[in-house]
Amino acid sequence: MPCLATSDHYTLDLPADHRFPIAKYALIREQLMWQGIAAPEDFYEPGLCAEEDVLRVHTAEYWHKVRDLQLSAREVRNLGLPQSPQLVRRSLSSSAGTLQSALRALRDGVGLNLAGGTHHAFADRGEGFCVLNDQAIAAAHLLAHGLARQILIVDLDVHQGDGTASIFRDEPRVFTFSMHAGANYPLRKEQSDLDVALALGTGDVEYLKLLSATLDPLVKRVQPDFIFYQAGVDVLATDKLGKLALTAAGSRQRDELVLGLCRARGLPVAVSMGGGYSERLADIVDAHCNTFRVAFELWP
Numbered sequence: 001m002p003c004l005a006t007s008d009h010y011t012l013d014l015p016a017d018h019r020f021p022i023a024k025y026a027l028i029r030e031q032l033m034w035q036g037i038a039a040p041e042d043f044y045e046p047g048l049c050a051e052e053d054v055l056r057v058h059t060a061e062y063w064h065k066v067r068d069l070q071l072s073a074r075e076v077r078n079l080g081l082p083q084s085p086q087l088v089r090r091s092l093s094s095s096a097g098t099l100q101s102a103l104r105a106l107r108d109g110v111g112l113n114l115a116g117g118t119h120h121a122f123a124d125r126g127e128g129f130c131v132l133n134d135q136a137i138a139a140a141h142l143l144a145h146g147l148a149r150q151i152l153i154v155d156l157d158v159h160q161g162d163g164t165a166s167i168f169r170d171e172p173r174v175f176t177f178s179m180h181a182g183a184n185y186p187l188r189k190e191q192s193d194l195d196v197a198l199a200l201g202t203g204d205v206e207y208l209k210l211l212s213a214t215l216d217p218l219v220k221r222v223q224p225d226f227i228f229y230q231a232g233v234d235v236l237a238t239d240k241l242g243k244l245a246l247t248a249a250g251s252r253q254r255d256e257l258v259l260g261l262c263r264a265r266g267l268p269v270a271v272s273m274g275g276g277y278s279e280r281l282a283d284i285v286d287a288h289c290n291t292f293r294v295a296f297e298l299w300p
């Protein structure tokens, strides 16, 4: 049975007109219980990420600016979130959630974080609502402690995982795969180990066909012993920032494809939520809940 990392620190106070849907983190937890997907005992508090783990991935200069609330006005604009002690705690808590999810995946086959997927965080800067790169921090922890030999990061957020690609550019033990809308944020793309840039408006049939044709051969080639899955739901046609055209059913089939492959191959997988910016908050919450529903169905 999967365990879900969650924390009150995942939410923070933002201006009422802010476009980041911060309310989704608490709502997803409530909906998972209301729908009977998860019970209260399936959730746990992951704590805060240790500075030692942060510094395996991020430069000391950048981390200290984040920690001490010393980011410049320009850095805050690029980040898209106001700096505050709350934001520091949220970033450390979310990163701990993915790290603990990875450790639980080694034990249970799957680990789920009700946050994370902050793939626009680079070693020396944060961008696009991403302060610390949770999957990079967790992957570096596994490697440093000899808990994984070869890691595959499957990033299916609608935006390229540019920060993750940059962080692991010269690390052969981490293979970065990003499948995203091509003509979309970030304007300047990094080079992942494998990038699949999709045409705007790509829908369910074409998306799923391409993902299926890409992922299975990739796993055979890379031969990972651990997978991180960035399951952003900004691939939906309803997403304000996405520019793809997946339905809710198509997004769920995407999750079934990725997680089903991990289950069939016996590959431990840690799931982080990633982005979602549909006009209706309910569409975002439903799509994220479907990801976790699939995990509970595959690992009963």
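Under the UniProt record's numbering, the first residue of the sequence shown is numbered 1, with each subsequent residue one higher.
All C-beta atoms, glycine included, are put in the ideal place defined by N, C-alpha and C.
Values in this document were obtained by computation on a predicted structure and should not be read as measured data.
From the DSSP secondary-structure annotation, give me the bridge partner or partners of Ser-278.
As a working note, residue 278 is residue 278 in the sequence shown. Looking at the DSSP assignment, Ser-278 forms a beta bridge with Asp-239.
Our contact map puts Thr-164 next to Ile-153 with C-beta atoms below 8 Å; I'd like the distance itself, whole angstroms only.
Translated into the one-based positions of the sequence shown, residue 164 becomes position 164. Translated into the one-based positions of the sequence shown, residue 153 becomes position 153. That belief holds up - the Cβ atoms of Thr-164 and Ile-153 are roughly 6 Å apart, short of 8 Å.
So what does DSSP say about Gly-163, is it helix, strand or coil?
Residue numbering aside, residue 163 sits at position 163 when the sequence shown is read from its first letter. The answer is helix: DSSP assigns Gly-163 an H, G or I state.
Considering only residues of the same chain and omitting the five flanking positions on each side of Ala-105, which have a CB-CB separation below 7 Å?
Start at 1 with the first residue of the sequence shown, and residue 105 comes out as number 105. Within the same chain, Ala-105 has close Cβ partners Gly-111, Pro-268, Val-269, Ala-270.
Contact under 7 Å by Cβ, Thr-176 with Ala-138:
Along the sequence shown, read from residue 1 onward, the residue named residue 176 stands at position 176. Along the sequence shown, read from residue 1 onward, the residue named residue 138 stands at position 138. No.
For the stretch 193 to 227, which segments carrying the alpha helix (DSSP H) assignment without a break, of at least 4 residues, lie completely within its bounds, in sequence order?
204 to 222, all fully within the stretch 193 to 227.
Per DSSP, what kind of secondary structure is Val-127 in: helix, strand or coil?
Counting from 1 along the sequence shown, the entry for residue 127 is found at position 127. The sequence as given places Glu at residue 127; Val does not occur at that position. Here Glu-127 sits in strand by DSSP.
Beta-carbon proximity of residue 378 to Phe-20, cut-off 7 Å
Nothing can be reported for residue 378: it is not among the residues displayed for the chain, which extend from 1 to 300.
Coarse secondary structure for Thr-176, derived from DSSP in three states:
Stepping through the sequence shown from its first residue, residue 176 is reached at position 176. Assignment of Thr-176 by DSSP, reduced to helix, strand and coil, places it in the strand class.
Which one of Ser-95, Asn-113, Ala-148 has the shortest CA to CA distance from Val-131?
Residue 131 sits at position 131 when you count from the first residue of the sequence shown. For Val-131, the nearest C-alpha among the options comes from Ser-95.
Got a sec, what are the start and stop residues for the beta strand (DSSP E) Leu-112 sits in?
For the purposes of this step, residue 112 is taken as the residue at position 112 of the sequence shown. Start and end: 110 to 113.
My understanding is that Thr-214 touches Leu-114, with C-beta atoms under 8 Å, so please give their C-beta distance in whole angstroms.
Counted from its first residue, the sequence shown places residue 214 at position 214. Counted from its first residue, the sequence shown places residue 114 at position 114. Contact flag wrong, Cβ pair sits at about 27 Å.
Around the Cβ of Arg-293, are there at least 16 other Cβ atoms within 10 angstroms (buried) or fewer (exposed)?
Walking along the sequence shown from the start, residue 293 turns up at place 293. Burial check for Arg-293: the Cβ neighbour count within 10 Å reaches 16 or more, so the residue is buried.
Given this structure, state the Cα-to-Cα distance separating Tyr-44 from Leu-55, to the nearest angstrom.
For this step, residue 44 is matched to residue 44 along the sequence shown. For this step, residue 55 is matched to residue 55 along the sequence shown. As the crow flies, the alpha-carbon of Tyr-44 is around 25 Å from that of Leu-55.
Roughly how many angstroms separate the alpha carbons of Glu-51 and Val-174, rounded to a whole number?
Reading the sequence shown from its first residue, position 51 is the one you call residue 51. Reading the sequence shown from its first residue, position 174 is the one you call residue 174. Pairing Glu-51 with Val-174, the inter-Cα distance amounts to about 21 Å.
Enclosing beta strand (DSSP E) for Val-57 [first to last residue]
Counting from one through the sequence shown, the residue named residue 57 turns up at place 57. Counting along the chain, Val-57 falls outside any beta strand (DSSP E), though it belongs to the alpha helix (DSSP H) covering 51 to 57.
By Cβ distance below 6 Å, which residues in the same chain neighbour Ser-178 in space, the five residues on each side in sequence not counted?
On the sequence shown, position 178 is the one that residue 178 refers to. Asp-155, Gln-160, Gly-161, Ser-192, Asp-195.
Between the stretch 241 to 252 and the stretch 71 to 85, do at least 3 Cβ pairs fall closer than 8 Å?
With the cut-off at 8 Å, the stretch 241 to 252 and the stretch 71 to 85 do not touch.
Just reading off the beta strand (DSSP E) that Asp-13 is part of, what are its end residues?
Within the sequence shown, the letter at position 13 stands for residue 13. No beta strand (DSSP E) holds Asp-13; DSSP gives it neither H nor E.
Could you check what DSSP says for Phe-296 in three-state terms: helix, strand or coil?
Walking along the sequence shown from the start, residue 296 turns up at place 296. DSSP places Phe-296 in helix when its eight states are reduced to three.
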